[in-house]
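Numbering (this note's numbering), first residue to last: 117 to 563.
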């Protein structure tokens, strides 16, 4: 049946997907890359499995995971053992990693998380170098990069075959944020960015695809490196949110093909919605009953908790960015984010679901973490979990607290001893003064 469909599409041409698409008969490999220095492999397994599940021709998918050299053998063995149906290639390159480490830095005044300065947060810009390094080198025409904390509900083979209209990059335009939210527009004017619109939509890098030949010819990696050097050398803070997003946007500018907002459903692991997001939800027909149905609460300034993802219904990619990630959600006592039921998962049973009526239309909402767990079993998740990290953050926090407590207790003891010594000196001084006064009194009586 697939061969017949391929022959029909090959003869008549596939419409609405792009000039490169040759129907089901197209067997060109689709190279999908992830990068990570994390020893917990649950996220990457779910991202790969979800992409595989929703591809129209999953046999074309070639997954690549770029990791540090010490993790190479264990990641390769574990993933190939637990996910034998996936074509997974785990690789590393000490030379490329060293090169990235040489240009990544984090200013003390930056608001970004410290872990964002990891070389593997910038490795997405060097994927062609990683793939072409070593004995098993690969030289694809196009590369798709995806963040680990995602699930893919769209067809990556169709994405790969799209018409990029002569551009080097295809990515998602996010108009919920603006350039000025990330970049000091006045500071970057000194580097020839005077014509940029501060209110322009942010260019996400959760998922993007690039034409390798055009990327190399245009020197995009070198341009990103140059922005990183400017960031390190500048007396001013060129950007203050994130680490890799700003140099990525400054380099790409408007020269990209927009993948569409369905490839950019964000925020599915956040505690709550921002004030603008909360207001937008209320303006879009959410009344008190709708929020009450989900069990939502409001902060003193009107922020909605939990985060409510309305974009997930028709999304092709769900991004679980935030602290309440599905594989860590048991650590939190708050209600996890709620997702509009994805069309791709309709008909499945759900442990938690609510039907919300907005503008008289009913929409089913489910727990966002439960959506993520659709793509991994408890057994596989247990095997991929790094149990050594389970209490790492908490132990550090508790140790720091204990050290602070002991230091506070020590300082209190020292202060008490000093006070006792001061009181003793005062007592001695008063006693000596009384003795002198007694001697004076005897002297006066005698004379």
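Glycine included, every Cβ here is placed at the ideal spot set by N, Cα and C.
From the options, residue whose alpha carbon lies closest to that of residue i
i, options, result
"residue 252", "263, 337, 288, 207", "207"
"residue 172", "254, 151, 219, 268", "268"
"residue 501", "146, 266, 191", "191"
"residue 143", "277, 297, 264", "277"
"residue 326", "456, 256, 317", "256"
"residue 444", "459, 486, 467", "486"
"residue 282", "299, 488, 334", "334"
"residue 494", "162, 420, 416, 246", "162"
"residue 194", "279, 558, 496", "496"
"residue 460", "158, 247, 488", "488"
"residue 369", "310, 534, 504", "310"
"residue 383", "437, 296, 545", "437"
"residue 505", "155, 216, 145", "155"
"residue 266", "531, 247, 164, 339", "164"
"residue 261", "146, 197, 464", "146"
"residue 339", "558, 316, 367", "367"
"residue 196", "170, 157, 217, 215", "157"
Contact set for residue i: own chain, Cβ-Cβ below 8 angstroms, skip 5 residues either direction
i, result
"residue 117", "Note on residue 117: pLDDT 23, under 50, position unreliable in the model; no value is reported."
"residue 567", "The structure shown does not extend to residue 567, since the chain is modelled only from 117 to 563, so the question has no answer here."
"residue 249", "207, 209, 211, 212"
"residue 551", "none"
"residue 205", "178, 179, 180, 181, 252, 254"
"residue 234", "153, 220"
"residue 420", "388, 389, 393, 394, 397, 407, 412, 413, 414"
"residue 464", "490"
"residue 365", "295, 298, 299, 318, 319"
Cβ neighbours of residue i in the same chain (closer than 7 angstroms, five flanking residues each side left out)
i, result
"residue 151", "182, 236, 239, 240"
"residue 381", "425, 427, 428, 431, 433, 434, 435"
"residue 168", "174, 177, 202"
"residue 337", "241, 242"
"residue 466", "482, 486"
"residue 187", "155"
"residue 480", "457, 469, 471"
7 angstroms Cβ cutoff met for residue i and residue j
i, j, result
"residue 474", "residue 401", "yes"
"residue 284", "residue 343", "no"
"residue 564", "residue 264", "The question about residue 564 has no answer here: the residues shown for the chain are numbered 117 through 563."
"residue 386", "residue 423", "yes"
"residue 379", "residue 298", "no"
"residue 300", "residue 353", "yes"
"residue 498", "residue 455", "no"
"residue 447", "residue 410", "no"
"residue 166", "residue 491", "yes"
Counted within 10 angstroms of its Cβ, other Cβ atoms place residue i as buried (16 or more) or exposed
i, result
"residue 453", "buried"
"residue 314", "exposed"
"residue 259", "buried"
"residue 442", "buried"
"residue 525", "exposed"
"residue 220", "buried"
"residue 517", "exposed"
"residue 458", "buried"
"residue 295", "buried"
"residue 529", "exposed"
"residue 275", "buried"
"residue 521", "exposed"
"residue 199", "buried"
Same chain, Cβ closer than 6 angstroms to residue i, five either side skipped, listed in chain order
i, result
"residue 478", "471"
"residue 341", "219"
"residue 244", "328"
"residue 539", "none"
"residue 318", "290, 293"
"residue 406", "472, 474"
"residue 247", "254"
"residue 468", "483"
"residue 574", "In the structure displayed, the chain extends from 117 to 563; residue 574 sits before or after that span and is not available."
Neighbour flag for residue i against chain D, beta carbons, 7 angstroms
i, result
"residue 426", "Annotation note: the requested chain D is absent from the structure, which comprises a single protein chain."
Item checked: Inter-stretch contact at 8 angstroms, needing at least 3 Cβ pairs: the stretch 372-380 / the stretch 344-360 -> Note that the stretch 372-380 does not touch the stretch 344-360; fewer than 3 beta-carbon pairs, one per stretch, sit closer than 8 angstroms.
Item checked: Stretch-stretch touch, CB-based, cutoff 8 angstroms, three pairs: the stretch 391-408 with the stretch 305-322 -> no
Check: Are the stretch 285-304 and the stretch 322-341 in contact at 8 angstroms, needing three or more beta carbon pairs?
Finding: Flag = yes, the stretch 285-304 and the stretch 322-341 touch.
Margin query: Taking 8 angstroms as the cut-off, does the stretch 255-274 touch the stretch 361-369 (at least 3 CB pairs, one atom from each stretch)?
Written below: no
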